[in-house]
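What follows is one structure encoded as structure tokens, with my remarks underneath.
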Amino acid sequence: MHPGRSAIGMAINYKAKIFASCLALLAAWMMVVTMFAAAHVARGVVVALSVGIFAVLAALGFRLLPRLAGQAQRQRLVLFPERNPNPVLALSSDGQVIYANAGAGEMLKDLGAGEQNVTELLPLDLQQRLASLRALPTARQVWEYPKGNRVLACSINFLPDRDEFHAYITDITRHSRVEAELSHQAHHDPLTGLPNRRLFQERIDQALAAHNHDNLRVAVILMDLDRFNVITRSLGHGVADSLLQAVTARLEHLLVEERVVSADATLYRFEADIFALLVPGFTENQTPLHLAERLLAGIQQPLYVNTREYFVTFSIGISIYPLDGENSISLLRNADTAMQRAKQLGGNNLQAYSLEMNARAAESLSLENYLRHAMEHNELRLNYQPEIETRSGRITGAEVLLRWKHPERGVIMPSEFIPLAEETGMIVAIGEWTLRTACAQNKAWNIAGLTKITMAVNISARQFHQQDLPSLVKRILAETGLDPALLELEITEGVAMQDVEHTRATLKRLKDIGIQLSIDDFGTGFSSLNYLRRFPIDRLKIDQSFVRNLTTDENDATITRAIIGLAHSMRLTVIAEGVESKEQLAQLRREDCDMVQGYYMYRPLSAAALEEVLHEDHVPWMTRIDPRRTPKGNYPVS
Ligand code: C2E
Ligand code: MG
Ligand code: MG
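Counting from 11, one number per residue, gives the positions in the sequence shown under my numbering.
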């Protein structure tokens, strides 16, 4: 069918025809009159014939006038589809195009399709659609479908009395682009381009609906960047934003690598520094834990922003449908609880939700309230754990360990409240108090003439990155009068590697004060030797996890040996913490580890108990080794 040419399109101008016929009749009559006049026919006959013809004409006119008016109306209506710039089609009951206006031809041209082929404007599955439309009580539908690079909308209705369809087509490409853009904006995060929390929640619900009956599981994984607020505060929002983009790129890369396991896993930016993952449709035997572990490990590799290197870690919480929740709200709440637990455990770990966590979450909330008052109520205490020279058994230092004497719950260990204090920022005030108390205590022991020891104070991430730590240390040393050489600060490897440039600069300023510096929990992070060399440090503390299995696990023994060798090559001393047995001590002596700390020698002691110990300058039962007479690796054990 050629658009623009049709039965209706060629409607006859009846009004003009009838008008012309009347004129013709009148002209014929004039001719007859003239002829009769010329022939001198009787006047009466002429008059009678005239009256008769006029009567016929009047009757005819009377009958024709309403029809003429109707025709005019119809002609005007015909113009609506005819002149409509959008395609208007009439289809027969079997879907054949029986009428198409000129607008259809225009759109076909725009689409680059042949002008004759009007069906090109209709959806491919036209027959099915027509069948379902016929079954509808309203017999009316609007279809939206793509055509080439356009999106068309076809408003179609079925006329049962004529057994045909009328279709009105519009190009809604622009409209649908704007709509898609708006929907994208509403569902995506502009910084990372990732789908946002809103879409995450919608997709969880969809996944739950999809797997309601097939016994497959759905995992909701929340991943919070540890101490990201510290990074934002110390480096500014610009760097923090770039870092979030770098984290996104890393996660996407890791997910591609893990595609085999997580074909349908999708990444979302849940909020601020929390990313989320939806793993839909896995069986009881498959586990999303493996994937989460890969992400946890993969994110620890250095990230680059403006050529500077940054290290970040995640606290990951996981909840699984149908075990941990029936809907998106409960699954999200429980994944969040698990994530908070991972944070409380110091970050850089993943926790699967368990029921007991809810009780714990409530507990930690009340703990937070109590902690706010702990300093005011004088509930914080310091314990001191001796650090001993391996060869001589001399006590040369003590690590300061914080304890909280809770009025109802008794002594609370730092692993429970330090992460909380860190999260809430209370660590800054607590840390300052610890530093001041430890320095004042050491000075008091100096004055009392006890063995001089170095006080090793742990510094949290927030203290290190946020506070002007060197100024604080200077001020406290001046206030207490302690010799800077008798103060040591411990920074964990993880904290040191977060922003290596900042670490290097801060450590340098601290070193200039004359204090000692050590890297705590060494071996758990991802230090590169390059950085270690650039940090002005004195000591590495081997993490207790290696010492624990030193005598039973060949790997841990090898790592311990390597750390000791590495430290010595860099002229650093090494201290092993967590020494609990005679065998471990013997092994560390054989490996030439400089110092030891652990329950086997001393547990963390109160100030009064350490004072007792410091009346001696060495561990009474430890055999002293004379390095001149005992070759390395052949030390006696006691
Ligand atoms: P850390 O700095 O690695 O401290 C060593 C931890 O190992 C201490 O745990 C200590 O009691 C424990 N320990 C020592 N010897 C042994 C042993 O032979 N066996 C075992 N199983 N454990 C041993 P604690 O006191 O519970 O402290 C845990 C962590 O809390 C510390 O790890 C440190 O990161 C943090 N912390 C403690 N006090 C402070 C503080 O004043 N400020 C900050 N920021 N963190 C602190
Ligand atoms: Mg420590
Ligand atoms: Mg440690």
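Note that the Cβ used here is the ideal one computed from N, Cα and C, for glycine as well.
In the three-state scheme derived from DSSP, where H, G and I count as helix and E and B as strand, VAL57 is classed as helix. Restricting attention to beta strand (DSSP E) runs no shorter than 3 residues, the stretch 406 to 490 encloses them at 420 to 422, 464 to 469, ordered along the chain. DSSP places THR562 outside both helix and strand once states are collapsed to three, so it counts as coil. Going by beta carbons, PRO133 and TYR109 fall outside the 9 angstroms limit. Contact between the stretch 319 to 330 and the stretch 502 to 511 is present, with at least three C-beta pairs closer than 8 angstroms.
The beta carbon of LYS157 is closer than 8 angstroms to those of LEU121, GLU130, LEU131 in its chain, skipping five residues each way along the sequence.
The straight-line gap separating the alpha-carbon atoms of LEU218 and LEU299 is approximately 19 angstroms. With a cut-off of 8 angstroms, the C-beta of SER252 is classified as distant from ligand 1, since no heavy atom of the ligand falls inside that distance. The Cβ atoms of ALA495 and GLY524 lie closer than 9 angstroms to each other. Residue burial annotation: ALA58 is exposed, with fewer than 16 other C-beta atoms found within 10 angstroms of its C-beta. About 6 angstroms separates the beta carbon of THR444 from that of VAL467, a gap short enough to meet the 8 angstroms contact definition. Relative to ligand 3, the beta carbon of LYS484 is positioned no closer than 8 angstroms to any heavy atom. Beta-bridge partners of PHE556 (DSSP): none assigned. SER165 carries a strand assignment under DSSP once its states are collapsed to helix, strand and coil.
Remark: the shortest separation between the CB of GLU587 and any heavy atom of ligand 3 falls under 8 angstroms.
For ASP274, the closest of ARG260, PHE292, VAL257, PHE280 by C-alpha to C-alpha distance is PHE292. Between PHE210 and ALA149, the beta carbon gap of about 40 angstroms keeps them out of contact (Cβ cut-off 8 angstroms). Collapsing the DSSP output to three states places ASN239 in a helix. For ARG391, the enclosing beta strand (DSSP E) stretches over residues 390 to 399. Minimum Cα-Cα distance from THR534 among the listed residues ARG73, SER252, GLN310, ASN96 corresponds to GLN310. By DSSP's assignment, GLU212 forms no beta bridge with any residue. Taking C-beta atoms as the reference points, ALA345 and LEU430 fail to come closer than 9 angstroms. At least one heavy atom of ligand 3 falls within 8 angstroms of the beta-carbon of ASP553.
By the Cβ-count criterion, ASP563 is exposed, with fewer than 16 other Cβ atoms from all chains shown falling within 10 Å of its own Cβ. For ALA384 and ILE428, the gap between their C-alpha atoms comes out near 13 angstroms. If you look at THR180, you'll find it in the beta strand (DSSP E) that goes 174 to 181.
Take the alpha-carbon of ARG558 and the one of ASP251: they are about 40 angstroms apart. Beta-bridge partners assigned by DSSP to SER325: ASP234, ASN359. Within the chosen limit of 8 angstroms, ligand 1 does not reach the beta carbon of TYR363 with any heavy atom. The alpha-carbon of ILE547 is positioned some 7 angstroms away from that of GLN526. Excluding sequence positions up to five before and after LEU313, its CB lies within less than 8 angstroms of the CB of LEU253, ALA256, VAL257, ARG260, GLU319, TYR320, PHE321, VAL322, all in the same chain and listed in chain order. With respect to the 9 angstroms criterion, THR570 and ILE552 are classified as neighbours on the basis of their beta carbons. Proximity of the beta carbon of ILE440 to ligand 1 is indicated: a heavy atom of the ligand is located closer than 8 angstroms. Straight through space, the alpha carbons of MET349 and LEU305 are spaced by roughly 14 angstroms.
Closest by C-alpha distance to ILE326, out of GLY357, TYR541, SER338, is GLY357. VAL483 is the residue among ASN295, ASP493, VAL483, LYS415 whose C-alpha sits nearest the C-alpha of ARG519.
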